[in-house]
Amino acid sequence: MTAWFLLVSLAFHIIQFRFILYPIHVNIQGKTFYAVAFEASRYSAIVQGTTGFFTMNVPFAERGPQITEQFLQEKDRALFASRKPYIFTPEIGKAFLYAVRNALGSLWIAIFYTLFVMAAVFHGFNGIWTVVARWGIIVTSRYLRLCQIVCYIGMFVMMAMGVSVIWNMYLL
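At position 26 of the sequence shown the residue is numbered 26 (the UniProt record's numbering), and the sequence of numbers has no breaks.
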C-alpha cells in the first residue's frame, strides 16, 4: 500500500517542483539568475539565514537589493509582468530552497509532505527488515528481534527529523 501512495506522491512532487514551481532562468547584465515567485507575507521566513539575493516587487523589503524591470532583457520582461513578488539568486540551489520554503507555508502542502515522509520512512525501514528476515541475513530469532527494534528506532528518528523540518518551515 505504501508503494502506491509513494508513487502518486512522488509524481505530485515532481510535477510541483519540476514544472510548476521550477525557478525561472534569466540573464541580467550578462549574469545568470534564477527567479522564484513567492508569497509576500512569508518573505522573512523564506530568506532567513541566506544572503546574496535580490527581490522584485517586494515593497517592504526596500532595505535589501532590488531588481527592477529596467534591468531585465526585453524577452524576460513578459515573464515578470504579473507584479508578483520574486526572489532572484545566482545559485540554483538557493532558488530551490526558496521554492521549498515558500511551498511549505501552505497547510495542505505541509500535511501532504508529512504523510509523504512518514510513508517513505516506513516503506524504507520495512524494506530493510524484510530483506534481513527473508534473505536469511539474520537467522536467529533473538537477532531478528534486535534488528526489528533497531529498525523501529531508526524509523522513529528519521520520521521525527523529516516531520520536524516540514512543520518548522510551516510555522515560521
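The C-beta atom is built at its ideal place from N, Cα and C for all residues, glycine as well.
If you're wondering where the values come from, they're calculated on a predicted model, not measured in any experiment.
With the cut-off set at 8 Å, would you say residue i and residue j are in Cβ contact?
| i | j | result |
| --- | --- | --- |
| threonine 2 | phenylalanine 53 | no |
| phenylalanine 19 | isoleucine 87 | no |
| valine 100 | glycine 162 | no |
| alanine 40 | valine 26 | no |
| alanine 133 | leucine 146 | no |
| arginine 83 | asparagine 102 | no |
| methionine 155 | phenylalanine 122 | yes |
| alanine 110 | isoleucine 46 | no |
| threonine 55 | proline 85 | yes |
On the criterion of 16 or more Cβ atoms from any shown chain inside 10 Å, does residue i qualify as buried, or is it exposed?
| i | result |
| --- | --- |
| valine 157 | exposed |
| tryptophan 129 | buried |
| arginine 142 | exposed |
| lysine 94 | buried |
| proline 59 | exposed |
| isoleucine 153 | exposed |
| leucine 107 | exposed |
| leucine 10 | exposed |
| leucine 7 | exposed |
With DSSP collapsed to three states, give me the class of residue i.
| i | result |
| --- | --- |
| phenylalanine 33 | strand |
| tyrosine 86 | strand |
| glutamine 48 | coil |
| methionine 56 | strand |
| valine 139 | coil |
| isoleucine 28 | strand |
| leucine 72 | strand |
Measure the C-alpha to C-alpha separation of residue i and residue j and round it to an integer number of angstroms.
| i | j | result |
| --- | --- | --- |
| phenylalanine 125 | tyrosine 170 | 26 Å |
| glutamine 70 | histidine 13 | 35 Å |
| isoleucine 24 | methionine 159 | 32 Å |
| glutamine 29 | leucine 72 | 8 Å |
| leucine 172 | tyrosine 43 | 10 Å |
| tyrosine 22 | glycine 127 | 32 Å |
| isoleucine 67 | valine 131 | 54 Å |
| glutamate 91 | glutamine 48 | 16 Å |
| glycine 105 | tryptophan 135 | 43 Å |
| lysine 31 | serine 164 | 37 Å |
With three or more C-beta pairs closer than 8 Å as the rule, is the segment 3-10 touching the segment 70-82?
Contact fails: fewer than three Cβ-Cβ distances are below 8 Å.
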